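Notes to accompany the following structure.
Number of protein chains: 2
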Amino acid sequence: MTADVRVIDWLPDGGVRLLDQTRLPAEEVYVDVRTVEEMAEAIQQLKVRGAPLIGIAAAMGLAAAAAREAERGSLTREWVEIAASRLAAERPTAVNLRWAVERVRVRAAAHFERAGAAAGLVAALTEEAQRIWDEDVAMCRAIGEAGAALIPPGSTVLTHCNAGMLATGGLGTALAAVYVAHRQGKDVQVVSCETRPLRQGARLTTWELARNGVPVRTVVDGAAAALMAQGAIDLVVTGADRIAANGDVANKIGTYGLAVLAEAHGIPFYVAAPRSTFDAELASGDLIPIEQRPASEMEVAAGAEVVNPAFDVTPAELINGIITDRGVLAPPYGEPIRELLGR
Amino acid sequence: MTADVRVIDWLPDGGVRLLDQTRLPAEEVYVDVRTVEEMAEAIQQLKVRGAPLIGIAAAMGLAAAAAREAERGSLTREWVEIAASRLAAERPTAVNLRWAVERVRVRAAAHFERAGAAAGLVAALTEEAQRIWDEDVAMCRAIGEAGAALIPPGSTVLTHCNAGMLATGGLGTALAAVYVAHRQGKDVQVVSCETRPLRQGARLTTWELARNGVPVRTVVDGAAAALMAQGAIDLVVTGADRIAANGDVANKIGTYGLAVLAEAHGIPFYVAAPRSTFDAELASGDLIPIEQRPASEMEVAAGAEVVNPAFDVTPAELINGIITDRGVLAPPYGEPIRELLGR
């Protein structure tokens with residue numbers, strides 16, 4: 001983020017400070033988290049959001065809560081298992097959360113195997129969480145470099161939701177490509193889809209791009225097709241919440257429609273994500289669980305019925321390339337994804 | 344509308360009472376209009392909206408304002424011309440407004456030609472406005488009958504914006520087909536796209552369908568594609584703000600995207616509109632002026648740039664049929680539209 005804003009950070013006492021993303025862009029308010037319940041709530045209420053960032057936040061939150069347990073003398077292997085399960089249960093679609101929590105859990109298990117006690121565990125978990133964060137920063141940078149190469153000078157990039165500095169520990173995923181292209185002097189501009197119901201595009205993407213000097217215009221989600229028909233969009237780049245072994249991508253509701261529209265207009269459609277977003281366990285996107293969010297998000301009259309899925313699945317066939325920290329994967333994605341994950 | 348709600352009506356003193364649609368569904372508030380400026384403002388602020396209804400409202404408003412001028416002894420042919428131009432200048436995309444205002448203007452011109460004075464003009468204009476309304480009621484009913492035949496029993500109809508009782512003087516256009524199918528016991532249900540930025544789908548379509556006992560669920564605009572992919576949508580029916588001579592349709596922003604998505608999923612896409620929505624003067628949709636609305640509608644941070652077109656154009660090739668008060672037109676639309684308009 002810019003120098004004066006920290007999306008996530010450690011507190012001096014080992015707690016975690018989060019920029020409350022539900023309050024943006026009106027207010028820059030921080031929320032301090034020191035327990036598993038507080039972190040679970042921050043994740044559920046989307047105070048912290050973005051697939052890579054919730055992974056980092058959950059890992060840091062586990063370390064912070066473990067420190068509190070250690071002070072009380074109640075940090076046990078069982079506590080770590082329960083706390084990890086509790087956090088992993090939030091936000092079922094994004095796989096980064098489970099991936100990061102699992103890393104912390106495995107680290108704790110290894111510690112108990114070796115040391116036989118909790119002494120030194122907090123330092124180990126804090127180190128693991130910091131490592132997850134540091135790796136994400138590096139992956140964002142690598143994604144940015146790889147993605148920028150796909151952005152011709154003078155391009156207008158359409159994006160959906162927020163896959164930027166507010167969604168990761170670093171530069172972002174989709175927006176990392178934009179930031180790097182911008183720094184390369186490529187005269188790139190962004191069309192940010194509002195992204196109903198929670199307006200992450202209008203609130204967050206617009207805010208962080210403007211703050212970083214990248215020209216950005218917001219449109220309602222329904223206007224993307226008309227802009228494509230007018231030739232006003234050169235490429236589409238989005239983030240991802242989970243990528244199946246065949247390259248099918250779960251991402252914010254509306255992404256699939258944009259992919260269909262991009263294909264119909266001959267516009268390249270790319271997805272950007274770090275390795276932590278891939279889920280080799282799932283053969284295809286129809287196996288990805290889709291989180292249903294409460295009707296209250298949609299601001300309808302009391303009693304009105306809604307369907308409010310947080311995500312949709314874009315089939316691999318509609319994706320022209322998956323921008324990763326190890327370069328751009330080209331379809332068909334099965335083999336390159338296996339290589340990426342070292343399987 | 345249901346017995347207790349009148350979308351538009353005459354006041355005892357010759358003024359016009361409008362249901363303020365900006366306040367729905369929270370409040371049923373009426374606004375009384377007696378001058379051209381008041382009606383122009385109500386139209387501009389979308390207190391009254393829907394292509395057919397703004398035509399009716401403008402005609403009634405002209406008659407109401409003419410009555411006031413007549414009381415003052417200042418009702419002249421020039422006044423009618425200026426007042427008609429003033430009203431016709433609001434909302435450039437919907438052609439019904441200009442069509443209705445022109446009918447009133449021509450009626451006034453004929454009166455002055457014949458009578459040479461304003462005496463009796465108010466009655467003539469009131470009669471003309473009432474006739475426009477009555478014809479719309481009849482056209483809505485005919486559209487409903489024709490459209491219902493396209494809705495198989497047990498269907499889920501996806502619609503966008505509001506093309507119902509709140510958009511016309513009668514049953515609606517797209518929703519007329521739903522209402523008639525519902526009354527025929529066809530077990531029809533509706534998915535209502537929210538329709539950002541002003542949420543006419545979530546606020547108005549949902550409200551009137553629920554009030555009339557038709558099952559309806561609201562989705563964000565970005566969720567339509569996922570529902571189509573799941574096989575949850577059987578057909579799409581929308582209204583229209585202007586239809587060019589070749590069958591290209593201007594309608595609420597987002598309609599074009601839905602048409603592309605419907606085609607990609609093999610789902611029939613229909614447009615419903617009365618004759619007053621056709622504009623034989625325009626050869627194709629690219630000639631239809633598209634109204635740009637203020638950034639304030641999009642609720643972005645101060646200074647944020649937006650693109651906020653109120654409408655988009657769906658090319659005739661994507662439309663499986665145009666439901667009119669004289670039956671369903673089949674593509675190619677050039678000849679059937681010429682026949683419909685008696686040219």
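Top line first, the protein sequences correspond to chains W and Z.
Residue numbers for the first sequence, in my numbering: 1 to 343.
Residue numbers for the second sequence, in my numbering: 344 to 686.
Cβ atoms here follow ideal geometry from the backbone N, Cα and C, with glycine treated the same way.
Predicted model only: the values in this text are computed from it and were never measured.
Whose C-beta lies closer than 6 Å to the C-beta of residue i among residues of the same chain, with five residues either side of it excluded?
i	result
T657/Z	V592, T598, Y599 and A602
H182/W	V188 and V214
P268/W	L235 and N320
Q200/W	C161 and N162
V328/W	A146 and G321
W207/W	L24 and P25
A605/Z	V579 and F612
H111/W	L121 and A124
W79/W	E69
R669/Z	L683
Figure out for me which residue from the options has the closest Cα to the Cα of residue i.
i	options	result
H265/W	L282/W, A295/W, A244/W and D234/W	D234/W
S428/Z	R415/Z, T549/Z and R448/Z	R448/Z
A317/Z	A644/Z, V643/Z, L683/Z and P617/Z	Residue 317/Z is absent from the model: chain Z starts at 344 and stops at 686.
V178/W	V271/W, D20/W, G231/W and P197/W	V271/W
L389/Z	R415/Z, L361/Z, A568/Z and T378/Z	L361/Z
A229/W	M571/Z, A407/Z and D629/Z	D629/Z
E90/W	R49/W, Q44/W, D20/W and W79/W	Q44/W
D136/W	V306/W, R68/W and A167/W	A167/W
R217/W	G61/W, A262/W, L158/W and A176/W	L158/W
G357/Z	A383/Z, G404/Z and H454/Z	G404/Z
A409/Z	V391/Z, G459/Z, A369/Z and A472/Z	A472/Z
V180/W	P152/W, I337/W, L204/W and L198/W	P152/W
P652/Z	A280/W, L227/W and R326/W	L227/W
A568/Z	E38/W, I253/W, T22/W and A223/W	I253/W
D134/W	G116/W, L171/W, R114/W and A149/W	L171/W
G231/W	V36/W, V191/W and E291/W	V191/W
R377/Z	R539/Z, W353/Z, E370/Z and V391/Z	W353/Z
R293/W	R211/W, R338/W and F311/W	F311/W
A492/Z	G512/Z, M508/Z, G528/Z and T469/Z	G528/Z
What first and last residue would you give for the beta strand (DSSP E) that runs through residue i?
i	result
D655/Z	F654 to T657
D352/Z	I351 to W353
H160/W	T156 to H160
Q527/Z	It is not in any beta strand (DSSP E) - Q527/Z carries neither H nor E in the DSSP assignment.
R585/Z	R585 to A587
D375/Z	Y373 to V376
I666/Z	G664 to T667
V562/Z	V559 to V562
R17/W	V16 to L19
L672/Z	G670 to L672
In its own chain, which residues sit with a C-beta less than 7 Å from the C-beta of residue i, not counting the 5 before and 5 after it?
i	result
I288/W	T93, R242, A244, A250, L282 and V313
V29/W	D20 and R23
By the DSSP assignment, the alpha helix (DSSP H) with residue i in it spans what residues?
i	result
N96/W	V95 to A115
T549/Z	T549 to R554
Y256/W	T255 to A264
A63/W	A51 to E71
L235/W	Where L235/W is concerned, there is no enclosing alpha helix (DSSP H), although the beta strand (DSSP E) it sits in stretches over L235 to T238.
Exposed or buried, what is residue i when buried is set at 16 or more other beta-carbons lying within 10 Å of its beta-carbon?
i	result
S619/Z	buried
S74/W	exposed
A100/W	buried
R72/W	exposed
E317/W	exposed
A64/W	buried
R131/W	exposed
E678/Z	exposed
L204/W	buried
A302/W	exposed
A344/W	With chain W covering only 1 through 343, there is no way to say anything about residue 344/W.
Beta-carbon within less than 8 Å of residue i's beta-carbon, same chain only, minus the 5 sequence neighbours each way: which residues are those?
i	result
L440/Z	I386, A394, I397, G398, A401, L430, A431, E433 and R434
E537/Z	G544, A545, T561, V562, V563 and D564
V306/W	A295, M298 and V300
Item to check | Contact residues within the stretch 345 to 371 of chain Z, judged by C-beta distance below 7 Å to chain W | outcome: Against chain W - using a Cβ distance shorter than 7 Å - the residues of the stretch 345 to 371 of chain Z are P368.
Next on the checklist: For the stretch 505 to 520 of chain Z, list every residue whose C-beta sits within 7 Å of some C-beta in chain W, in sequence order.
Outcome noted: Under the 7 Å Cβ criterion, the stretch 505 to 520 of chain Z contributes no residue.
Checklist entry - Can you list, in chain order, the residues of the stretch 591 to 605 of chain Z whose Cβ is nearer than 9 Å to any Cβ on chain W? => result Within the stretch 591 to 605 of chain Z, K595, I596, G597, T598, Y599, G600, L601, A602, V603 and L604 place their CB atoms closer than 9 Å to a CB of chain W, listed in sequence order.
Item to check | chain Z contacts from the stretch 213 to 234 of chain W (Cβ-Cβ distance under 9 Å) | outcome: So the close ones are P215, V216, R217, T218, V219, V220, D221, G222, A223, A224, A225, A226, L227, M228, A229 and A232.
Checklist entry - Of the residues that make up the stretch 300 to 327 of chain W, which ones have a beta carbon closer than 9 Å to any beta carbon in chain Z? => result Of all residues in the stretch 300 to 327 of chain W, V300, A301, G303, A304, E305, V306, V307, N308, P309, F311, D312, V313 and P315 have a Cβ within less than 9 Å of some Cβ in chain Z.
Checklist entry - What residues from the stretch 376 to 409 of chain Z come within 9 Å of chain W, judged by C-beta to C-beta, listed N to C? => result Result list empty, no residue passes.
Checklist entry - What residues in the stretch 196 to 214 of chain W bring their beta carbon closer than 9 Å to a beta carbon of chain Z? => result Going along the stretch 196 to 214 of chain W in chain order, one finds R196, P197, R199, A202, R203, T206, W207 and A210 with a Cβ nearer than 9 Å to chain Z.
Item to check | Contact list for the stretch 264 to 295 of chain W against chain Z, Cβ threshold 7 Å | outcome: Residues passing the 7 Å Cβ filter: A264.
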